[in-house]
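One point on numbering: in this note's numbering, the residue at position 230 of the sequence shown is 235, and numbering is uninterrupted.
Every residue, glycine too, gets a C-beta built ideally from N, C-alpha and C.
In what follows, a single structure is set out as structure tokens and then discussed.
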Amino acid sequence: MFSQRVEGLRPSPIRSILAVIDRPGMVSFAGGLPATDVLPAWSGTVPPELLQYGPSEGDGDLRSVVSENLRALGIDAPVDRVMILSGSQQGIDLTAKLFVDPGTPVAVDDPTYLAALQVLRFYGARFTHLGTGPTDGSGDDARLAYVVPTFANPTGACMTTAERDNLAQTCVRTGAVLFEDDPYRDLVYEPCDRTPVVSRMRGGSWVYQGSFSKTFAPGLRLGFLAASDDLFRHLVVAKQATDLHSSRLSQRIVHDAITAPGWTDRLAHLVGFYRARRDVFEAALRRHFGDLASWETPRGGLFFWLRLRQPVDTRTLLGEAIERGVAFMPGEEFSPGTPALGTMRLNFSHAGADDVERGLATLATLVAGASTSPSSLYASLG
Ligand SMILES: Cc1ncc(COP(=O)(O)O)c(C=O)c1O
Numbered sequence: 006m007f008s009q010r011v012e013g014l015r016p017s018p019i020r021s022i023l024a025v026i027d028r029p030g031m032v033s034f035a036g037g038l039p040a041t042d043v044l045p046a047w048s049g050t051v052p053p054e055l056l057q058y059g060p061s062e063g064d065g066d067l068r069s070v071v072s073e074n075l076r077a078l079g080i081d082a083p084v085d086r087v088m089i090l091s092g093s094q095q096g097i098d099l100t101a102k103l104f105v106d107p108g109t110p111v112a113v114d115d116p117t118y119l120a121a122l123q124v125l126r127f128y129g130a131r132f133t134h135l136g137t138g139p140t141d142g143s144g145d146d147a148r149l150a151y152v153v154p155t156f157a158n159p160t161g162a163c164m165t166t167a168e169r170d171n172l173a174q175t176c177v178r179t180g181a182v183l184f185e186d187d188p189y190r191d192l193v194y195e196p197c198d199r200t201p202v203v204s205r206m207r208g209g210s211w212v213y214q215g216s217f218s219k220t221f222a223p224g225l226r227l228g229f230l231a232a233s234d235d236l237f238r239h240l241v242v243a244k245q246a247t248d249l250h251s252s253r254l255s256q257r258i259v260h261d262a263i264t265a266p267g268w269t270d271r272l273a274h275l276v277g278f279y280r281a282r283r284d285v286f287e288a289a290l291r292r293h294f295g296d297l298a299s300w301e302t303p304r305g306g307l308f309f310w311l312r313l314r315q316p317v318d319t320r321t322l323l324g325e326a327i328e329r330g331v332a333f334m335p336g337e338e339f340s341p342g343t344p345a346l347g348t349m350r351l352n353f354s355h356a357g358a359d360d361v362e363r364g365l366a367t368l369a370t371l372v373a374g375a376s377t378s379p380s381s382l383y384a385s386l387g
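Next up, the structure:
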């Protein structure tokens, strides 16, 4: 009945978890949700022209602002090579549509962004790892390399300058299209090199994308991409065939917000707010998980990545955690292949201090219990 493509289709665990987080009393460390307190209020009226169809590439004024911002980062992104997306998730779909047939080698990190894996699997990607060292040629046949170099989801890691250079050079050398996904770059709590990798490429093909979800409002579903000259027009055609264009009302709201005089202050406030939430979260982590896990303090983004001292498959803990009113993301879900066991992704932006305390205490109890009785856990895996 369905296309062959559907065989690779799996429901996203994160969307299933998000379905239960509205339950009263639920503490969620699961999604990358902004704090509700920092979402914008909107009191505008709707100009009628925004209710009309618009261009697939996006509205000119928003594209211009995005182009200016990207050029300031060193990206070769003139306005006619900038496209507005219906969420940066759409950029993953369009790029995969362009490059991935069943069996196409696609280089990804392990772990990497779950919903990118979901899209790439849907089109039949064969996952590989890009060789970035001079002697490591593995993954050299990759057609596409999907990376989140700055505050990665799920690990929060930020590539060093040398890693960025290496990646840029490897893509140029091997001919892999570099697909840089950069939704977290503005949520920076300690300085680190955030220069876009695509700005370091001398030649080669690339797609760079960002999002308004993490700094403004995910419900508006708006992101953007820029691409090298050889790719851009194909991405536009893929977008035309997908949704014609992104919501013009969302584009106007975002344009007005990011060009308003208060935008820089708003960003600074947001960063301060999330840095404080990160620090509260880490203090609670030390109390509850100090003996159970290790982690690095994320210098940006929205997540802590925990490596448990015991190789507990955290997928087996999720049902019980939700029963007890806490949602988290099992780290094993972020692996393109067979996952290393014993990892968790915990979002620190959404929950307030009391919920963090209660939620982490509950999770730690579950992890400690599982660590001491591994056999019963594996039995429950079937
Ligand atoms: C790495 C990464 N890329 C893309 C997205 C999609 O964001 P959006 O479609 O809301 O712009 C997310 C969302 O969490 C993400 O973490």
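query: Where DSSP assigns a beta bridge to Leu-227, which residues make up the other side?; result: BP columns for Leu-227 are empty, so no partner.
query: Just verifying my parser: in three-state terms, what is the DSSP assignment at Ser-1?; result: Given that the chain is displayed from residue 6 to residue 387, the structure contains no residue 1 and the question cannot be resolved.
query: Can you check whether the CB of Ile-19 is closer than 8 Å to the CB of Leu-119?; result: yes
query: With H, G and I counted as helix, E and B as strand and the rest as coil, what does DSSP make of Ile-26?; result: coil
query: Would you mind working out which of Asp-359, Arg-199, Met-164 sits nearest Ile-80, comparing C-alpha positions?; result: Arg-199
query: Are there three or more Cβ pairs, one per stretch, closer than 8 Å when the stretch 298 to 307 is compared with the stretch 327 to 335?; result: no
query: What did DSSP end up calling Asn-352 once you bin it into helix, strand or coil?; result: strand
query: Using only alpha-carbon positions, find the residue among Phe-156, Thr-133, Val-153 that is nearest to Asp-145.; result: Thr-133
query: Residue range of the beta strand (DSSP E) that Thr-133 falls in?; result: 131 to 133
query: Taking the Cβ atom as the reference point for each residue, do Leu-297 and Ala-345 lie within a distance shorter than 8 Å?; result: no
query: With 16 other CB atoms within 10 Å as the buried threshold, where does Trp-47 fall?; result: exposed
query: Could you give the distance in angstroms between the alpha-carbon of Phe-34 and the alpha-carbon of Arg-76?; result: 35 Å
query: Who's in the neighbourhood of ligand 1, going by beta-carbon under 6 Å from any heavy atom, listed in chain order?; result: Gly-37, Gly-92, Ser-93, Gln-94, Tyr-118, Val-153, Asn-158, Asp-186, Pro-188, Ser-216, Ser-218, Pro-223, Gly-228
query: Excluding five sequence neighbours on each side, which residues of the same chain lie with their C-beta closer than 6 Å to the C-beta of Leu-311?; result: Ala-298, Trp-300, Met-349
query: Taking the alpha-carbon positions, what's the Val-25 to Thr-179 distance?; result: 44 Å
query: So Ala-150 is in the beta strand (DSSP E); what residue range does that whole segment cover?; result: 149 to 152
query: With DSSP run on the structure shown, which of helix, strand or coil describes Arg-280?; result: helix
query: Go through its chain and collect everything with a Cβ distance to Arg-15's Cβ below 8 Å, but skip five positions before and after it.; result: Gln-123, Arg-126
query: Following the continuous alpha helix (DSSP H) through Gly-324, name the residue where it begins and the one where it ends.; result: 323 to 328
query: Skipping 5 residues on each side, what residues in its chain have a beta carbon closer than 7 Å to that of Phe-229?; result: Val-71, Val-87, Met-88, Ile-89, Leu-90, Gln-214, Gly-215
query: Just grab the DSSP bridge partners of Phe-309 for me.; result: Leu-351
query: Return the chain-ordered list of same chain residues with a C-beta closer than 7 Å to the C-beta of Tyr-383, the five sequence neighbours on each side being excluded.; result: In this prediction, Tyr-383 scores a pLDDT of 49, lower than 50, which makes its location untrustworthy; the coordinate-derived value is nonetheless stated afterwards. The answer is none, since no qualifying residue turns up.
query: Among residues of its own chain, excluding the 5 on either side of Leu-236, which ones have a beta-carbon nearer than 6 Å to its beta-carbon?; result: Ser-210
query: Out of curiosity, what's the CA-to-CA distance linking Gln-315 and Ala-232?; result: 43 Å
query: Can you find at least 3 beta carbon pairs, one from the stretch 56 to 74 and one from the stretch 189 to 207, that sit closer than 8 Å?; result: no
query: Could you give the uninterrupted runs of the alpha helix (DSSP H) lying entirely in the stretch 158 to 206, keeping only those of 4 residues or more?; result: 166 to 179
query: Are Leu-149 and Val-182 touching if we call contact CB-CB under 8 Å?; result: yes
query: Please tell me whether Ala-112 and Ala-147 are closer than 8 Å, where the distance is taken between their beta carbons.; result: yes
query: Could you check the C-alpha separation between Tyr-189 and Leu-56 for me, to the nearest Å?; result: 30 Å
query: Apply the 10 Å Cβ neighbour rule to His-274 and answer buried if 16 or more other Cβ atoms are within range, or exposed otherwise.; result: exposed
query: Nearest to Ser-255 by CA position, among Ser-218, Leu-38, Val-32, is which residue?; result: Ser-218
query: Glu-185 and Pro-223 look like a contact to me (Cβ under 8 Å); what is the Cβ gap, rounded to whole Å?; result: With a Cβ gap of about 20 Å, Glu-185 and Pro-223 do not count as contacting.
query: Val-71 lies in the alpha helix (DSSP H); which residues open and close that run?; result: 65 to 77
query: Within the same chain, show all residues whose beta-carbon is closer than 6 Å to that of Ser-340, passing over the 5 residues directly before and after it, in chain order.; result: Asp-115, Pro-116
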